Amino acid sequence: MSASKSFTIFLVVCLAMIMISIVAPPVEGARAFFVFGDSLVDNGNNNYLVTYARADSPPYGIDYPSHRPTGRFSNGYNIPDLISQYLGAESTLPYLSPELRGQRLLVGANFASAGIGILNDTGIQFANIIRIFKQLEFFQVYQTRVTALIGAEETQRLVNGALVLITLGGNDFVNNYFYTPVTARRLQYSLQDFSRYLISEYKKILTRLYELGARRVLVTGTGPLGCVPAELAQRSLNGECAVEPQRASEIFNPLLVQMVRDLNQEIGSDVFVAVNTMQMQNNFINNPQTYGFITSKIACCGQGPYNGLGICTPASSLCPNRDLYAFWDAFHPSEKANKIIVKTILSGSQNYMFPMNLSTIMAMDSRT
Ligand SMILES: *[C@@H]1O[C@H](CO)[C@@H](O)[C@H](O)[C@H]1NC(C)=O
Ligand SMILES: *[C@@H]1O[C@H](CO)[C@@H](O)[C@H](O)[C@H]1NC(C)=O
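Under mature numbering (1 follows the signal peptide of the UniProt record, and there is no 0), the residues of the sequence shown are numbered -29 to -1, 1 to 339, in order.
In structure tokens, the structure reads:
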């Protein structure tokens, strides 16, 4: 090989290296974001599954930028979208999306699946959904794929530096314990004991997340389950929140805060942050007008009393202005309500965010 030829090869190699470094992963950019849980945070995984739990027909997505259904259980953005916006990142893609590859993997991923719960027997009526243990397995596969892209060390840095959101528990009550007047779980457990059992299983799930590298995890409890339009339609005579599901969230959520506190103590670091979505939602349920809503009882999209029966479909009655409704469908907050929730996640006091809010987390993590 002549000297000039090998010099040419050397130049080409240099050029290639420069180009690789130009398109190199934006590891120093926005932190990655990972999402686990149920329909409150599913960005569209269930669109790829054969299941009854889906939001892939109009009017879902009517206020989304594309004005089309995406699989989100919202008229527009959901809670993870709004957190991504705060992080300065694009929304995470559903893990099952074929578009989730190459550099887009470095933004993070959304593993959530509508219908699931803490327990494996929650949501069996929806057939094929991604249960939480499977979501955690997918998180491992994701890390293997990212390792092939940027190496093991950078992958660990990306995962350790990421923000994580996990939302579980609501379905274990409404789609399991309370699903029919008599259920196996109801025969087996009192509400108190069932809640304790759920919390002990939730703790195992969080511990596994920690083992898989998560170091900043927002853990949400359930909303005020008795006050959602579905429960008002089925169990309330005069529009008062339904007593038993309401009691469930009042038992479950304080136990969750206690568990998060214990787990952080065992780990020796504030890895987990309890998000009190029940209190956040109670505020606008009790005082809808203060938050710009005309009602917190009637869903925007649905049918029957409180628009709370069945699911939201093209044939449902639909409100003209979604921003005036706290609930989009029988179970899920509207985009406007999600914005109020995320604002409290960012800057709420310890009554809402324990032991600290997201802006405090971001400030702390940018210093280390
Ligand atoms: C759910 O199923 C998985 C896989 O079979 C199992 O590892 C896990 O322990 C189960 N969880 C509960 C709460 O039974
Ligand atoms: C939450 O965030 C605000 C800033 O937005 C801060 O002033 C406040 O002290 C924080 N509260 C807690 C409990 O971290």
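We put the beta carbon where it would ideally sit given N, CA and C, even for glycine.
Please read these numbers as outputs of a predicted model, since none were measured by experiment.
- If you look at residue 301, you'll find it isn't in any alpha helix (DSSP H); DSSP assigns it neither H nor E.
- Uninterrupted alpha helix (DSSP H) stretches at least 4 residues long and entirely within the stretch 193 to 268 occur at 200 to 206, 214 to 238 and 248 to 257, given in chain order.
- For ligand 2, the residues with a Cβ under 6 Å from any of its heavy atoms are, in chain order, 318, 320, 321, 327, 328, 330 and 331.
- For residue 309, no beta strand (DSSP E) segment is defined; the enclosing uninterrupted segment is the alpha helix (DSSP H) at 306 to 318.
- Counting only residues of its own chain and dropping the five nearest sequence neighbours on each side, residue 313 has a CB closer than 8 Å to the CB of 50, 53, 54 and 57.
- The continuous alpha helix (DSSP H) containing residue 121 extends over residues 103 to 121.
- In terms of side-chain proximity, the C-beta atom of residue 172 is found nearer than 7 Å to a non-hydrogen atom of ligand 1.
- The alpha-carbon of residue 145 is positioned some 42 Å away from that of residue 121.
- Judged by DSSP in its simplified three-state form, residue 321 adopts coil rather than helix or strand.
- Leaving aside the five residues that flank residue 264 on each side, the residues in its chain whose CB is nearer than 7 Å to its CB run, in chain order, 255, 295, 296 and 297.
- For residue 134, there is no enclosing alpha helix (DSSP H); the residue is found in the beta strand (DSSP E) stretching over 134 to 138.
- Around the beta carbon of residue 335, fewer than 16 other beta carbons lie within 10 angstroms, which makes this residue exposed.
- Taking C-beta separations shorter than 7 Å and ignoring five residues to either side along the sequence, the partners of residue 80 in its chain run 5, 63, 64, 66, 71 and 113, following chain order.
- For ligand 1, no non-hydrogen atom lies closer than 7 Å to the CB of residue 77.
- Per DSSP, residue 191 is one residue of the beta strand (DSSP E) stretching across 188 to 191.
- For residue 34 against residue 85, the beta-carbon gap comes to about 19 Å, at or over 8 Å, which does not count as contact.
- Between residue 129 and residue 3, the beta carbon gap of about 5 Å places them in contact (Cβ cut-off 8 Å).
- Within the model, the alpha-carbon separation for residue 317 versus residue 331 is close to 8 Å.
- Residues of the same chain with a CB within less than 8 Å of the CB of residue 266, apart from the 5 flanking positions on each side, are 259, 295, 296 and 297 in chain order.
- Annotation: the continuous alpha helix (DSSP H) that includes residue 165 extends over 162 to 182.
- Bridge pairing for residue 289: 272 [DSSP].
- Between ligand 1 and the CB of residue 189, the shortest heavy atom gap is not smaller than 7 Å.
- Excluding sequence positions up to five before and after residue 160, its CB lies within less than 7 Å of the CB of 168, all in the same chain and listed in chain order.
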